[in-house]
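> Mapping the sequence shown onto the working numbering, position 282 (from 1) lands on 282, and the numbers just tick up by one.
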Amino acid sequence: MQIFCAYRQGIVDPETVSTQPTTSSIMANSKVEPKGLSVASDTTSSAAVGVRIPPAWLRPRSALGRLAAGQSLCAKSTEAAPPSLPLKVAYEPQPTKPKPVYATDSKKLLVSPRQRGNVLLEMIRHVAWEYSDIEPDYIFGPCHCAFFLSLRYHNLNPEYIFERLHKLQSTFQLIVLIVLVDVDDAHHPLKELNKFGLTQNVTVMLAWSPLEAARYLECFKASINKPPEDLQPEAGEAGSAAKKDQLALATDFFTALRVVSRSDAAALLSKFGTVSEVIKADKKSLESCIGIGSVKVSIFHIIVTFLGREDLRSTSLRLQKGEY
């Protein structure tokens with residue numbers, strides 16, 4: 001037990017400890033003293049037995065002894081360690097890059113140098129434009145920009161336009177993507193671009209020729225400073241325009257027959273009101289209209305009757321042959 005306590009205090013090295021008695025103690029116990037031994041010999045032997053081991057021999061040499069040296073494992077710390085509190089560090093916002101501000105002239109369309117050589121620029125004639133170091137392809141307002149994309153180029157580089165739109169650092173209220181449809185099979189790429197525009201708040205507009213794309217840019221630039229009231233038609237004008245369009249369509253429908261003039265079509269529509277009522281009318285009701293005789297009524301009635309079953313050309317040929 002004493003050896004174990006000495007080991008825990010780091011005094012005894014476990015590599016030198018042995019459970020067998022030491023040689024010196026065995027020799028001292030087994031030594032037979034002669035009968036004629038003097039007192040000096042007893043003193044010498046007792047002094048030899050009382051010789052202490054050098055301290056260097058008792059220094060710990062193993063890893064366990066070195067860990068236990070200089071400290072008592074059985075001793076408990078009476079002083080409680082103060083709780084460690086996290087240090088409060090003031091919040092410092094990360095510096096953000098300033099967003100570029102473009103000095104847009106209200107009379108000029110800003111064009112990126114990437115568009116140099118585009119055929120579209122040669123067709124912009126109604127507004128002035130100039131090259132400028134900008135992120136989008138075109139800027140036609142302080143918060144309005146446009147990108148140009150050819151579907152033929154998009155099929156070769158499908159990630160080009162998406163990377164450019166994601167890298168757009170400036171904040172624009174309106175981002176227009178003008179897509180030039182110059183391929184035959186445009187269903188799948190247009191579906192992908194339309195889905196991207198809906199999710200990323202990008203307006204996708206299609207153009208089937210560079211001239212049409214140039215007209216879009218001219219219209220955007222010319223209308224940028226106009227108030228919304230000037231661009232939206234009034235309710236009365238819209239209703240009258242729609243009514244005029246319906247009247248024009250009905251007149252064109254009746255004048256497709258050579259026997260019906262525009263005045264005859266106007267008379268029929270003024271009396272019956274709609275095209276369906278004119279078709280359902282009988283011969284007597286049609287003859288009551290001003291300017292329409294029995295010959296016109298008979299021809300018109302035959303054509304309208306057989307229009308759902310045969311084409312107009314075959315009906316006209318039968319009329320010429322006198323089959324009706």
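Note that CB positions come from ideal geometry on N, CA and C, so glycine has one too.
Every value quoted in this text rests on a predicted model; they were computed, and no experiment measured them.
Have a look at GLU163 and LYS221 and give me their C-alpha separation to the nearest angstrom.
Rounded to whole angstroms, GLU163 to LYS221 spans 26 Å at the Cα level.
> Which residues mark the beginning and the end of the alpha helix (DSSP H) in which LYS284 is found?
First-last of the alpha helix (DSSP H) with LYS284: 283–287.
> Exposed or buried, what is TYR138 when buried is set at 16 or more other beta-carbons lying within 10 Å of its beta-carbon?
TYR138 comes out buried.
> Just the C-alpha distance for ASN225 and GLN232, rounded to the nearest angstrom, thanks.
Using only the alpha carbons, I get a separation of about 14 Å.
> Report the residue ranges of all beta strand (DSSP E) runs contained in full by the region 111–199; include only those spanning at least 3 residues, in chain order.
Counting only runs of 3 or more, we get 128–131, 138–141, 144–150 and 174–180.
> Provide the residue(s) that pair with VAL204 in DSSP beta bridges, ordered along the chain.
Paired residue(s): LEU177.
> CA-CA distance, ALA128 and SER112?
Rounded to whole angstroms, ALA128 to SER112 spans 14 Å at the Cα level.
> Starting from LYS107, trace the alpha helix (DSSP H) both ways and give me its first and last residue.
Here LYS107 belongs to no alpha helix (DSSP H), and DSSP marks it neither H nor E.
> Pick from ASN201, ASP182, PHE148 and GLU192: whose alpha carbon is nearest that of GLN327?
Because the chain in this structure spans residues 1 to 324, residue 327 falls outside the shown range and cannot be described.
> DSSP state of VAL260, grouped into three classes?
DSSP places VAL260 in coil when its eight states are reduced to three.
> Thinking LEU180 and ALA207 are a contact (beta carbons under 8 Å), I'd like their distance in whole angstroms, please.
About 5 Å separates the two Cβ atoms, so the contact holds.
> Which value, in whole angstroms, describes the spacing of the CA atoms of LYS191 and PRO136?
Approximately 23 Å between the Cα atoms of the pair.
> Under a CB-based cut-off of 8 Å, is GLN200 close to chain C?
Among the protein chains of the structure shown there is no chain C, as only one such chain exists.
> Between MET123 and ALA281, what straight-line distance do the alpha-carbon atoms span, to the nearest angstrom?
Their backbone Cα atoms lie some 53 Å apart in a straight line.
> Is it true that the CB of ALA250 sits closer than 8 Å to the CB of VAL275?
Their beta carbons are under 8 Å apart, which means VAL275 touches ALA250 by this criterion.
> Which residue marks the beginning of the alpha helix (DSSP H) containing GLU218, and which one marks its end?
Where GLU218 is concerned, the enclosing alpha helix (DSSP H) stretches over 210–222.
> Among GLY273, ASP182 and ILE292, whose alpha-carbon lies nearest the alpha-carbon of TYR153?
That would be ASP182, whose Cα lies nearest to the Cα of TYR153.
> Starting from the Cα of GLY293, find the closest Cα among VAL260, GLU229 and LEU211 and give me that residue.
For GLY293, the nearest C-alpha among the options comes from VAL260.
> Taking LEU149 as the reference, which of CYS143, PRO158 and GLY141 has the closest Cα?
LEU149 has its Cα closest to that of PRO158, out of CYS143, PRO158 and GLY141.
> Kindly indicate which residue of GLU212, VAL176, ILE279 and GLY291 has the alpha-carbon position closest to the one of GLY141.
Per the Cα distances, VAL176.
> Can you name, in chain order, every residue of its own chain whose Cβ lies under 6 Å from the Cβ of TYR131, other than the five neighbours on each side?
The residues are VAL111 and PRO113.
> Taking buried to mean at least 16 other C-beta atoms within 10 Å of its own C-beta, is LEU349 buried or exposed?
Residue 349 is absent from the model: the chain starts at 1 and stops at 324.
> In this structure, how does DSSP classify LYS280 when only helix, strand and coil are distinguished?
Three-state DSSP puts LYS280 in a helix.
> Going by alpha carbons, who is nearest to LEU133 out of LEU109, LEU198, ARG125 and HIS126?
The sequence given here places Asp at residue 133; Leu does not occur at that position. Measuring from the Cα of ASP133, the nearest candidate turns out to be LEU109.
> Measuring only the C-alpha atoms, how far is VAL119 from ASP252?
Between VAL119 and ASP252, the C-alpha separation is close to 39 Å.
> With DSSP run on the structure shown, which of helix, strand or coil describes PRO228?
PRO228: helix per DSSP, three-state reduction.
> Which whole-angstrom value describes the C-beta separation of LEU257 and PHE300, a residue pair presumed to lie in contact below a C-beta threshold of 8 Å?
At roughly 7 Å, the Cβ-Cβ gap stays under 8 Å, so LEU257 and PHE300 are in contact.
> Evaluate CYS143 with the Cβ neighbour count: other Cβ atoms within 10 Å of its Cβ, from every protein chain shown; 16 or more gives buried, anything less gives exposed.
Exposed, since its Cβ has fewer than 16 Cβ neighbours within 10 Å.
> So, are the CB atoms of GLU218 and HIS126 less than 8 Å apart?
It is a contact, given that the beta carbons lie within the stated cut-off.
> For LYS290, which three-state DSSP category applies?
It should be pointed out that residue 290 corresponds to Ile in this sequence rather than to Lys. Three-state DSSP puts ILE290 in coil, outside helix and strand.
> Classify THR255 as helix, strand or coil using the three-state DSSP reduction.
Helix, per DSSP.
> Helix, strand or coil for LEU87 per DSSP?
DSSP places LEU87 in coil when its eight states are reduced to three.
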